[in-house]
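What follows is a short report on a single structure.
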Amino acid sequence: MSPAEDAQLLIAIVQRHMRSLRLSLDPSYPDEDWGFTAQQALEKLLKTWIVLSDRLPPRIHDLADLAELAEKRLEPKLLELQVFAVEARYEEGPFPLPASRQYLLAALEVQLQLCVAEIQQKL
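Just so we're aligned: 4 in full-length UniProt numbering is position 4 of the sequence shown, and the numbers increase by one with no gaps anywhere.
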């Protein structure tokens, strides 16, 4: 498969995460769970960009490291989702989101659109 075809597989996972995020905007849904899904979506997006550059994404979860490898400058609030990868799952909270769900979702949507556009160019 070409890098763009491999990237499409990852994007399908990102799109599933994004659906979950859209369906869980209710403030009664735990921030820790919403933040984890958002972190996972961003991690997969960054790995998609790495795949698009015809490289194998490393088995790491650090958003800043992945952004550097993908050569992407991200909004700082998105990078603050890092805490939801591990700490918010295994430590006592609360772990508030770095911005409103709507703000974070919109920022993730922008990144998703940019990534999908790049995939389409390479197909």
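No residue lacks a Cβ here, since even glycine has one placed at the ideal position from N, Cα and C.
Here the structure is a predicted model, which is why all the values come from computation and not from measurement.
Distance between Ser28 and Lys72 (C-alpha atoms, nearest Å) | About 33 Å.
Quiz item: Could you give the residue range of the alpha helix (DSSP H) that holds Lys122?
Solution: Residue range Arg101 to Lys122 is occupied by the alpha helix (DSSP H) that includes Lys122.
Inspect the beta-carbon positions of Asp54 and Pro96 and report whether they are closer than 7 Å. Cβ atoms of Asp54 and Pro96: not closer than 7 Å.
Where Val51 falls, given that 16 or more other Cβ within 10 Å makes a residue buried: So Val51 counts as buried.
Report task. Look at the alpha carbon of Ile91 and the alpha carbon of Phe36, and state the distance between them as a whole number of angstroms. Result -> Residue identity differs from the one stated: residue 91 is Glu in this sequence, not Ile. When rounded, the distance between both Cα atoms is 13 Å.
Own chain, CB closer than 6 Å to His17, minus 5 neighbours either side, in chain order: Once the five neighbours on either side are set aside, the close Cβ partners of His17 are Thr37, Gln40 and Ala41.
With a threshold of 8 Å, are at least 3 pairs of Cβ atoms found where one atom belongs to the stretch 66-85 and the other to the stretch 105-112? With a cut-off of 8 Å, the stretch 105-112 and the stretch 66-85 count as touching, because enough Cβ pairs lie within range.
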